[in-house]
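Protein chains in written order, with our numbering: chain L, 5 to 439; chain E, 57 to 987. Ideal placement from N, C-alpha and C gives every residue a C-beta, glycine not left out. Note that this is a predicted model, so its numbers are computed, not measured.
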Amino acid sequence: MRATTITPFVVASLCASLCATAAPVVYRAAAIHTVSGESFAPGELLVDGGKLRAVGKTVPRAAAAKVVDLAGLQLYPGLIAAPTSLGLAEISGVRATVDTTEVGEFVPDVEAWISVNPDSELIPVARANGITHALVAPMGGRVSGVSGLMQLNGWGVEQMTIQKPVALHLWWPAMQLDTTPKEQLADASKSKSLKEQASERAEQLRAIDRFFDDADAYQKARATGAKDFKKVPAWESVLPFLKGERPIMVHATEARQITAAVTWAQKRHYKIVLVGAQDAWRVAELLGKHAVPVIYDATFELPRRDDDAHDIHFRAPHILHRAGVPVALCLPMGGWAASELRNLPYLAAQSAAHGLPRAEALKAITLRPAQFMGVADRLGSLEADKEATFIAVDGDLLDIRANVKRVWIAGEEVSLESRHTRLFERYKNRPRPRP
Amino acid sequence: MSILSRLGLLCLPVALCAAELPPPGQRPEPPGVHALVGARVVIKPGAAPANVTILIRAGRIADLLAEGQPLPADARVWNMTGKTIYAGFIDPYLAQGTTNRPISNRWTVPIEATAGIAFHGGPNTKADMGAPGPGYEVARITPAFRVAEKYSPREKELKELRELGFTAANIIPTQGIIRGTSAFVLLTEEDPNRVILKADVFQHVAFETPGEREDGYPNSLMGVIASVRQAFFDARHQVAARTYFSENPTSARPEFNPALEALRPALGPKPVLPTVFEPGSALMNHRAKLLADELGLQPVLVASGQEWRRPELAKATGAPFIVPLTLPAIPEFPEEDDWQQVSLDELRTWDWAPEIPALLRRQNLTVALTTYALPDRKSFRPNLRRAMERGFTEEDALAALTTIPATLCGLDAQLGTIAKGKLANLTIVDGKSYFESGSKVAGVWIEGRPYLSTEAAVAPDKAAPKPEPSLPRTADVPAAYRGPLAEPASVLIRNATVWTSGPQGTIEKADVLIRNGRIEAVGKSPLPVRGAVALEINGTGMHLTPGIIDCHSHSMILGGVNEGTLPSTAMVRIGDVVNSETDNIFNQLAGGLTTANLLHGSANPIGGQNAVIKLRYGAAPEDMKFSEAPAGIKFALGENVKQSNWGEKYTTRFPQTRMGVRTFFANRFTAALQYRQAQTAGGAPVRRNLELEAIAEIIEGKRLVHCHSYRQDEILSFLRTMEQFGVKVATLQHVLEGYKVADEIAAHGAGASAFSDWWAYKFEVIDAIPYAGALMHDRGAVVSFNSDSSDLARRLNLEAAKAVKYGGVPEADALRFVTLNPAKQLRIDKWVGSIEPGKHADIVLWSASPLSTQSVCEQTWIDGKLYYDRQRAVERLTRLQAERARLLAKAKKPQPATGDNPAEKARAAFFQRALETAHQTSRCYECRKDN
């Protein structure tokens, strides 16, 4: 089963070779939250060769298995941040350190994973709170390129990139009209009538279709194997997404964008994942009907309209879930949010406090993103035959007061040290002034 | 003006030039004696129309003759049968030029607004202060500008006004903040020397923020207000300084300043000149009044169309209002779906607009009408009719066009009614009333000379079909959605887990008794209670905490958070621009926030004065202020003040380095000391300097310093500089590297008001760590966590939980990071911050532990009044959504035909953002530069 789902795009699991020599280990913990199925309290995990071999109240003790007692700790799958600019920006205010956003309107052959700084100080900070994987995606233009899934451990980009490309990123054009009166515009010369704007909007929507029509034509021409056929890198990058095998991640915010994107995807038979989706709750029924996956990034955005409920974005994931929409949660893209990525579990917590069933809230930061990316066969939950990527928490993961104590990625325990812990240690030990 | 006209050769009206026969070649003058016979004459508002004959002689009303009285033999008789005659209409606020522009109040974005913030060097380095030539130091303060010196009639415009029935107008200056004086003119195309009835009618002030387009101080609303305040103080000082100099001719010579001279007539105690304020928003109407009182001015206000937001504040001004009849028109959306983006606020503004004149009258205010700000003057009459359909009476309307503007402009002896001896200014309509639809202005008489309408007369029955009356108002009164939900005299909360944040610690199964807005008792349940209790709340399973306090907020500020132009803007005051209308208040109440420290931004080393407020939703700005809180001011260090991230243009303002920041503080504090010395030294009167006064108050211990700071070196340098001047810093804001110098901060006694876990967004926060709060707490500093964000302020309880996570601060102490500690930092802990007997009853009821992410705020109380209730919030929302649905349905209907085809500009006016709601998006003012 597993073997058949591995595509040529999947980089061979590094740990398979790295960890092959390690002996099997049984981890005993106060609780195991499998996410995909029942939880065990207490429970055990059997890890061998970087993979989970068994999960349950107890697991068969293989000969020579080491037993690690994680007394008092609760185990969860590693958390997945998707999509994010992690690794593409160090200090968002310092331009030289920012590689998040390329120019050009249609640049599908921009690949995000190659530019991740493996030694970014932001990565260990995110990892220390349980983020083990990040879908690093490019920003800019209409089609900004393709994203790759990184595990937050490894020697360099090539080891860290575990799936590429994962998704093509399409940024749906804004459909709201700019109604700012001329006198209130910073630059009155840029003022456009509503009509003009509407026709520009229509043109932008047509441009999306033209782009994908062109891609179809390229695919067709390519298939003919004509002698004078010339490869175009940009079109090559789009090919995997045309057949609906891999997802196009459509970044859209307001209801009209979302509706338009869903209609578009239905018409073209594309597999899409909505990202951002602040207004998705307004069109939950439509999304549910077509089971469109949503990665919701607006949990902590202020209400969009003056007649929206003050807590609508806290409740939106629950509304979507009730309508049958599979929901993942993420922070917004950009360098700022990359530095805040460690707060990912608290998006889930906020949704849970406002109606989303707890199990769903946990899924929204683990199994759901794995499913949306097509890697649920190896990540996202604690099940036999999946990667041994899990975190140990000294309490409820969704409670801010709890701390992630240990993290394993593909069977290998990773350090939770970061710039923050180093500075903390250093200044905690600053000699106190003499009285 | 040509030489000929100066010589009087073009002087036409025989009434005025009767003595001089014009030379041949010009049209000979007709005789100047007229009898207007047979009309219905309305001599003044409220008077019944009467058939009297108006006798005009030499430009004045010579007599009113009853029906049948003999006419003088020399009178030229005009048969006015079927017409109605009013005193000539007056526009008290006429801007010359074809496109009137409403006051510009673009919201200025704080730090991100890199474009356009310019600074022309340090104090006293400018060759010309402000504009070229002598004048005020702020270029847009030009009180010496006189319309009377610039006015020339423009025929097209005058004709248009006459066809609306206007005979005279007060022409206003249109540029700047303090704009100069207006001139009252007759609306004829004659020699300007003759048509100006009165020069210097009003001094004019507009709260206009230039936004990004203009350079220099001031570019925020609070800066505009501060600059007006300073200018009038300077004018007062000028008077005193001149007097002193004339008595002491060997003393230091006062400067010549024509701007200050020009302000003198507007100054009290009994101003010669009233001052017209164009405040541009509902809240600023009241601010203008308070400012006028402070400065001794006599205010007249120009309505903004936003008065519906707070009619009671308009009432509180007691000032006469000049009211434009701008009515937004429903926009033409290209697609049906585009209606989705129409906000409730836009719909309300649209629906209320015709009611503004009536609403102001209901507040017993004097109302004059103007054509000002109309995108198309032709819409004046249809718009007036719509105002009348909403309750503005005919008598009020006539008064608003005649007697009231005449009195406001000080010309009631000449104009305003039809009375013997007054100027013969008359407005004449065909038919029974000016105010009826379809009635036509037949013409006007101005100073005894007829100007007949050139438009073909339309028989009333052939006029356009009588328009549908517009629909009654659909929008609700905003007050219906805010204000306390309950105000019981006493409240007893039973059996809750009470986090007192005080010496009693956290008590399980405890009762809290509130009486008259104060905590009366706290203790283990059951608490003995004497006397009746108005409301008892079962708190079983719930947690009760003190109201959350945010020591760093920008969420309720009007018209720009930064006055970032000058390196010191100690004179600007957030207290002038508190925004009581923003949704942020409700959103944050829903997260348990009860008190916020509204701070100026961090664009300059010495920023503006802060305002501590309570989130009394529904109260007006002055009533939101935490009256017991001591005054304070915002300072800032580091990248923002040295303009590191403002763009490449910004390299000339001092300081550009952290070295210079210290130098700057030392300089301004020394200047403040010298200022105080000068004030007590005697001799020539000292100019009241609002910047140095605020700094002197810091040195005197009367004003708290809240200093935005990042790096350890700058923190130390700042503390040491303040120590030199004997100043104890109240708080270091953000204080990201404060953990590195926690001992020094604790020894100084400064509070640390920190972010919980922000980092890496700019270079100076590369060493920020989430353990900072715990480390500083451990070293004895008073630590709080602030929001600096309208989002985070909704969940500061969860920010406090991060102090437990990062560094293991005990839970009760962690909660104090957002309750008692910020109260201590703001020196308001005597009243708030903990649940202790005697303190204000500012409390929050939570569904679970306030530090748990599963906890939801159920109720928020301030001063013993319920301001937020989770269940009631649902009802409120349902009503709001129903209101929007009703308004939307109404807006989509064909609009009542008012005879005017709404101009594009009237449609654009639909989207005019009110200052009060223009800000609703931003999260972080400090630093966020993403996207």
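Legend entry - Selection of the segment 805-829 of chain E by Cβ proximity to chain L, strictly under 7 angstroms: Those residues of the segment 805-829 of chain E that come within reach of chain L (Cβ to Cβ, closer than 7 angstroms) are W815, A816, Y817, K818, F819, I822, D823, I825, P826 and Y827.
Legend entry - Interface residues of chain E facing L/T267 [CB-CB closer than 8 angstroms]: As a working mapping, residue 267 of chain L is identified with position 263 in the first sequence. Per Cβ cutoff of 8 angstroms: no residues; L/T267 is ~12 angstroms from chain E at best.
Legend entry - Beta-carbon spacing of E/G279, E/T625 below 8 angstroms: By 1-based counting over the second sequence, the position of residue 279 of chain E is 223. By 1-based counting over the second sequence, the position of residue 625 of chain E is 569. Yes, they are a contact pair.
Inset, instruction - Kindly give me the distance between the Cβ atoms of E/A879 and E/A870, rounded to whole angstroms, as I take these residues to be in contact under 8 angstroms. - result: Working through the second sequence from its first residue, we reach residue 879 of chain E at position 823. Working through the second sequence from its first residue, we reach residue 870 of chain E at position 814. About 15 angstroms; that fails the 8 angstroms criterion.
Inset, instruction - Enumerate in chain order the residues of its own chain whose CB-to-CB distance from E/A750 is below 7 angstroms, with the five nearest sequence positions on each side excluded. - result: To locate residue 750 of chain E, count along the second sequence from 1; it is residue 694. Counting only Cβ-Cβ distances below 7 angstroms, and skipping sequence neighbours, we find A626, M627, Q665, I689 and R759.
Inset, instruction - Kindly indicate which three-state DSSP category E/R571 falls into: helix, strand or coil? - result: One-based indexing of the second sequence puts residue 571 of chain E at position 515. Reduced to three states, the DSSP call for E/R571 is strand.
Inset, instruction - Give, in chain order, every residue of the segment 525-537 of chain E whose Cβ lies closer than 9 angstroms to some Cβ of chain L. - result: none
Legend entry - Validate contact between the segment 402-419 of chain E and the segment 374-390 of chain E using beta carbons, cut 8 angstroms, 3 pairs: yes
Legend entry - For E/S399 and L/D310, believed in contact at Cβ under 8 angstroms, the rounded distance: Here residue 310 of chain L refers to the residue found at position 306 when the first sequence is read from its first residue. Here residue 399 of chain E refers to the residue found at position 343 when the second sequence is read from its first residue. At roughly 5 angstroms, the Cβ-Cβ gap stays under 8 angstroms, so L/D310 and E/S399 are in contact.
Inset, instruction - Put E/A974 into one of helix, strand or coil per three-state DSSP. - result: As a working mapping, residue 974 of chain E is identified with position 918 in the second sequence. Coil.
Inset, instruction - Return the residue from the list E/H610, E/Q362 and E/L440 that minimises the CA-CA distance to E/S845. - result: Here residue 845 of chain E is taken as the residue at index 789 of the second sequence, counted from 1. The shortest CA-to-CA distance from E/S845 to any of E/H610, E/Q362 and E/L440 is the one to E/H610.
Inset, instruction - Determine the contact status of E/A590 and E/S526, defining contact as a CB-CB distance below 8 angstroms. - result: Residue numbering aside, residue 590 of chain E sits at position 534 when the second sequence is read from its first letter. Residue numbering aside, residue 526 of chain E sits at position 470 when the second sequence is read from its first letter. By the CB criterion at 8 angstroms, E/A590 and E/S526 fall outside the cutoff.
Inset, instruction - Could you tell me if E/K921 is buried or exposed, where buried requires 16 or more neighbouring beta carbons within 10 angstroms of its beta carbon? - result: Translated into the one-based positions of the second sequence, residue 921 of chain E becomes position 865. Flag for E/K921 reads buried.
Inset, instruction - Could you tell me whether any Cβ in chain E is nearer than 8 angstroms to the Cβ of L/E94? - result: Within the first sequence, the letter at position 90 stands for residue 94 of chain L. Judged by the 8 angstroms Cβ criterion, L/E94 is in contact with chain E.
Legend entry - Rounded separation between L/D283 and L/R308 - CA only: Position 279 of the first sequence holds residue 283 of chain L. Position 304 of the first sequence holds residue 308 of chain L. Each residue's Cα considered, the two are about 8 angstroms apart.
Legend entry - Residue burial classification, L/Y431 (beta-carbon count within 10 angstroms, cutoff 16): Here residue 431 of chain L corresponds to residue number 427 of the first sequence, with the count starting at 1. Counting of Cβ neighbours within 10 angstroms places L/Y431 among the buried residues, the total reaching 16 or more.
Legend entry - Proximal residues of chain E, C-beta to C-beta of L/V245 below 8 angstroms: Taking the first residue of the first sequence as position 1, residue 245 of chain L is located at position 241. What sits at residue 245 of chain L in the sequence shown is Phe, not Val. What L/F245 touches in chain E: nothing, since even the nearest Cβ is about 25 angstroms away.
Inset, instruction - Starting from the C-beta of L/V72, find all residues in its chain whose C-beta is less than 8 angstroms away, skip the five residues before and the five after it, and write them out in chain order. - result: Walking along the first sequence from the start, residue 72 of chain L turns up at place 68. Taken in chain order, the residues that qualify are V29, V30, Y31 and R32.
Inset, instruction - Using a Cβ cut-off of 8 angstroms (strictly closer), state whether E/Q968 contacts chain L. - result: Start at 1 with the first residue of the second sequence, and residue 968 of chain E comes out as number 912. Interface residue, yes.
Legend entry - Element boundaries [beta strand (DSSP E), containing L/G60]: Along the first sequence, read from residue 1 onward, the residue named residue 60 of chain L stands at position 56. In the DSSP assignment, L/G60 falls within the unbroken beta strand (DSSP E) covering K55 to G60.
Legend entry - Cross-chain neighbours of E/K796 in chain L, by beta carbon under 7 angstroms: What you label residue 796 of chain E is simply residue 740 of the second sequence in a count that begins at 1. What E/K796 touches in chain L: Y431.
Legend entry - Rounded C-alpha distance that separates E/A103 from L/Q180: Here residue 103 of chain E is taken as the residue at index 47 of the second sequence, counted from 1. Here residue 180 of chain L is taken as the residue at index 176 of the first sequence, counted from 1. Distance between the alpha carbons of E/A103 and L/Q180: 53 angstroms.
Legend entry - Neighbouring residues, chain L, relative to E/Q937 (Cβ below 7 angstroms): Reading the second sequence from its first residue, position 881 is the one you call residue 937 of chain E. D311, listed in chain order.
Legend entry - Distance cut-off 7 angstroms: L/T267 Cβ against heavy atoms of the ligand FAD: Summarising the ligand content, the structure contains no ligands, and the ligand FAD is consequently not present.
Inset, instruction - Could you give the DSSP three-state label for E/G794: helix, strand or coil? - result: Numbered from its first residue, the second sequence carries residue 794 of chain E at position 738. E/G794 falls in the helix class under three-state DSSP.
Inset, instruction - Report yes if the CB atom of L/V242 is closer than 8 angstroms to the CB atom of L/P112, and no otherwise. - result: Looking up residue 242 of chain L in the first sequence gives position 238. Looking up residue 112 of chain L in the first sequence gives position 108. In contact: L/V242 and L/P112 (Cβ atoms closer than 8 angstroms).
Inset, instruction - State yes or no: is the C-beta of L/T257 within less than 8 angstroms of the C-beta of L/G229? - result: The count along the first sequence starts at 1 and reaches residue 257 of chain L at position 253. The count along the first sequence starts at 1 and reaches residue 229 of chain L at position 225. No, the pair does not count as a contact, with Cβ atoms beyond the cut-off.
Inset, instruction - Name the residue from L/R146, L/P336 and L/A93 whose alpha carbon lies nearest to the alpha carbon of L/A265. - result: One-based indexing of the first sequence puts residue 265 of chain L at position 261. Of the candidates L/R146, L/P336 and L/A93, the one whose C-alpha sits nearest the C-alpha of L/A265 is L/R146.
Inset, instruction - Determine the DSSP secondary structure at E/P148, reduced to helix, strand or coil. - result: Taking the second sequence and counting its residues from 1, the one referred to as residue 148 of chain E is at position 92. Here E/P148 sits in strand by DSSP.
Inset, instruction - Would you check if the distance between the CB atom of E/L357 and the CB atom of E/F389 is smaller than 8 angstroms? - result: Looking up residue 357 of chain E in the second sequence gives position 301. Looking up residue 389 of chain E in the second sequence gives position 333. No, the Cβ-Cβ distance between E/L357 and E/F389 is not below 8 angstroms.
Legend entry - Reduced DSSP secondary structure (H/G/I, E/B, other) of L/D218: For this step, residue 218 of chain L is matched to residue 214 along the first sequence. Of the three classes helix, strand and coil, the one that applies to L/D218 here is helix, per DSSP.
Inset, instruction - Can you grab the Cα-Cα spacing for the pair E/F691 / L/G384, in whole Å? - result: If you number the second sequence from 1, residue 691 of chain E lands on position 635. If you number the first sequence from 1, residue 384 of chain L lands on position 380. Distance between the alpha carbons of E/F691 and L/G384: 48 angstroms.
Legend entry - Simplified DSSP assignment, three categories, for E/F333: On the second sequence, residue 333 of chain E is found 277 positions in, with the first residue counted as 1. In the structure shown, E/F333 sits in a strand (DSSP, three-state: E or B).
Legend entry - Within chain L, the residues that E/L339 reaches when beta carbons sit closer than 9 angstroms: As a first step, residue 339 of chain E must be located in the second sequence, where it is residue number 283. Within 9 angstroms Cβ-Cβ: nothing; E/L339 doesn't reach chain L, min ~17 angstroms.
Inset, instruction - Anything in chain L within Cβ reach of E/A857, meaning under 7 angstroms, just list it in chain order. - result: Taking the first residue of the second sequence as position 1, residue 857 of chain E is located at position 801. Those within 7 angstroms of E/A857 in chain L are I404 and R405.
Inset, instruction - Drop a sphere of 10 angstroms on the beta-carbon of L/M253, count the other beta-carbons inside from all chains shown, and report buried for 16 or more, exposed for fewer. - result: On the first sequence, position 249 is the one that residue 253 of chain L refers to. Under this definition L/M253 is a buried residue.
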